[in-house]
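In our numbering, the protein residues as written are -1 to 289.
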Ligand code: AMP
């Protein structure tokens, strides 16, 4: 396993793996790794000759300094964990390496970005687009793996590679959960004990929305109301959003022929939690979740 801290070094390695015609799986992360990240790495290992994992807490995608400062980090632990997996390269640049000068180019979204997390975290997806465009050029993977816990990110990244012709296959990976259904997240360590107990209600709220869909059909407002009512009764955290949209287009016009996403976000003192289900109009899961 090679740990690479500079773009120059990564370019050298890239040159050799490209010469050899290898398939390259890429797993971009912000570190503090857990089983969710490791599932993406397993998928990449299974389907590619080599796997590159990046660890970079991207300042451009944080719209609050306190959130960036409080983001958990432990590179030593991450490295130890990755040694046990078949990871070929860890790309671990610092901010100066990724953003040596102020930028002239700004990327923005004309759709998919003004709802869900894009609405409540202005600038977040622009930061994601920026760092991924850079990382995709630096690593030049054939495949890139993204978790469906961040389903809006998957939708945005799919648009990025299609619109800007990145020759990369985007592979969505189902959400990995704790025993009580809470989606695994690096941010979960920032939950207080009572908040952690409550957090299992996010997935239960999504099941309430799914039940509403199955029993009453594609009635967007009713689905949203049922999920909201459940969360209002069961969590003390601030409900950031509850929505039901088409997927991956993220429009509020939902139809029988398209997948839908039911998505929630709840803000606690030091952690904001998100979760979602992606379903067809009968309420069947489109991506099978595994624990
Ligand atoms: P992050 O380090 O939070 O930026 O996440 C890096 C990648 O891991 C993203 O593609 C996330 O969607 C994915 N990921 C994070 N948590 C999970 C999870 N619980 N299940 C599956 N993928 C996840």
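Heads up, the beta-carbon is just placed ideally off N, CA and C, and yes, glycines get one too.
Given a threshold of 16 other Cβ atoms within 10 Å of its Cβ, counted over all protein chains shown, does residue i qualify as buried or as exposed?
| i | result |
| --- | --- |
| residue 178 | exposed |
| residue 114 | buried |
| residue 195 | exposed |
| residue 135 | exposed |
| residue 54 | buried |
| residue 89 | buried |
| residue 71 | exposed |
| residue 56 | buried |
| residue 13 | exposed |
| residue 124 | buried |
| residue 253 | exposed |
| residue 110 | buried |
| residue 145 | buried |
| residue 251 | exposed |
| residue 100 | exposed |
| residue 293 | Because the chain spans -1 through 289 in this model, residue 293 falls outside it and cannot be assessed. |
| residue 209 | exposed |
| residue 73 | exposed |
Taking only the alpha-carbon atoms, compute the straight-line gap between residue i and residue j and give it to the nearest angstrom.
| i | j | result |
| --- | --- | --- |
| residue 77 | residue 157 | 32 angstroms |
| residue 5 | residue 112 | 32 angstroms |
| residue 166 | residue 225 | 36 angstroms |
| residue 119 | residue 239 | 11 angstroms |
| residue 271 | residue 189 | 10 angstroms |
| residue 212 | residue 281 | 6 angstroms |
| residue 246 | residue 214 | 23 angstroms |
| residue 182 | residue 60 | 20 angstroms |
| residue 149 | residue 159 | 16 angstroms |
| residue 242 | residue 133 | 31 angstroms |
| residue 96 | residue 170 | 25 angstroms |
| residue 128 | residue 108 | 15 angstroms |
| residue 191 | residue 283 | 31 angstroms |
| residue 69 | residue 3 | 20 angstroms |
| residue 43 | residue 82 | 12 angstroms |
| residue 33 | residue 174 | 7 angstroms |
| residue 103 | residue 131 | 11 angstroms |
| residue 106 | residue 58 | 13 angstroms |
| residue 122 | residue 16 | 32 angstroms |
| residue 40 | residue 50 | 12 angstroms |
| residue 172 | residue 147 | 7 angstroms |
How is the beta strand (DSSP E) around residue i delimited, first residue to last?
| i | result |
| --- | --- |
| residue 269 | Per DSSP, residue 269 belongs to no beta strand (DSSP E) and is neither H nor E. |
| residue 49 | 48 to 53 |
| residue 143 | 141 to 145 |
| residue 167 | 167 to 171 |
Give me whichever residues DSSP pairs with residue i in a beta bridge.
| i | result |
| --- | --- |
| residue 241 | 261 |
| residue 70 | Looking at the DSSP assignment, residue 70 forms no beta bridge with any residue, so it has no partner. |
| residue 1 | 88 |
| residue 175 | 181 |
| residue 236 | 265 |
How far does the alpha helix (DSSP H) with residue i in it extend, from its first residue to its last?
| i | result |
| --- | --- |
| residue 15 | 5 to 17 |
| residue 280 | No alpha helix (DSSP H) contains residue 280, which DSSP labels as neither H nor E. |
| residue 24 | Here residue 24 belongs to no alpha helix (DSSP H); instead the beta strand (DSSP E) covers 22 to 27. |
| residue 99 | No alpha helix (DSSP H) holds residue 99; DSSP gives it neither H nor E. |
| residue 161 | 149 to 161 |
| residue 135 | 122 to 137 |
| residue 83 | No alpha helix (DSSP H) holds residue 83; DSSP gives it neither H nor E. |
| residue 187 | Where residue 187 is concerned, there is no enclosing alpha helix (DSSP H), given that its DSSP letter is neither H nor E. |
| residue 247 | Run containing residue 247: none; DSSP gives neither H nor E here. |
| residue 208 | 199 to 214 |
Is residue i near the ligand GTP - that is, is its Cβ less than 7 angstroms away from at least one heavy atom of it?
| i | result |
| --- | --- |
| residue 140 | The ligand content of the structure shown is limited to the ligand AMP, which means the ligand GTP is not among them. |
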